[in-house]
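FYI, the numbering for the sequence shown is 27 to 117, going by this note's numbering. What follows is a set of notes on a single structure, which appears directly below.
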Amino acid sequence: MTETMGRPGMAWAAPDQATTTVDRSWWAWAGPHGGLLASLAVTAAEHTVPEQPVRELSAQFLAPLVEGPVELDVRRCVWAAPPACSNRGSA
């Protein structure tokens with residue numbers, strides 16, 4: 027595994043499955059910093075679907091991770107409800 031700017035590196039078990047290790051050097055009060063976990067998630071998503079860059083991320087952490095190996099499984103899904111805006115009465 028390689029490290030990027032001090033961040034833990036990732037090993038790829040499959041194109042959509044990565045593993046890494048998060049140790050206590052990344053800890054806040056109750057667990058690893060959320061920004062680290064978010065960046066690992068973005069890296070995994072960009073590796074899995076390189077033609078579609080990540081444009082936005084919303085992360086909710088239900089419980090802190092424990093120190094040790096972390097598995098990241100990327101699943102593709104698309105939710106889209108683009109709004110249509112029109113003003114037919116305008117001149």
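Using N, Cα and C, we set each Cβ at its ideal position, and we do this for glycine too.
Give the secondary structure of Thr28 by DSSP, where H, G and I count as helix, E and B as strand, and everything else as coil. Residue placement at Thr28 is flagged as unreliable, the pLDDT there being 44, under the threshold of 50; the coordinate-derived value follows with that caveat. Coil, per DSSP.
Roughly how far, in whole angstroms, is the beta-carbon of Thr45 from the beta-carbon of Ala54, given that I think they are within contact range, below 8 Å? Between Ala54 and Thr45 the Cβ distance is about 22 Å, and since that is not below 8 Å, they are no contact.
Using 7 Å as the threshold, is the C-beta distance between Val48 and Val96 below it? The Cβ atoms of Val48 and Val96 lie closer than 7 Å to each other.
Taking Cβ to Cβ, would you say Leu98 is nearer than 7 Å to Ala70? Taking 7 Å as the Cβ cut-off, Leu98 and Ala70 qualify as a contacting pair.
Please classify Leu66: is it buried, with 16 or more other beta-carbons within 10 angstroms of its beta-carbon, or exposed? Buried.
Check for me: the alpha helix (DSSP H) holding Val75 runs from which residue to which? DSSP places Val75 outside any alpha helix (DSSP H), giving it a letter other than H or E.
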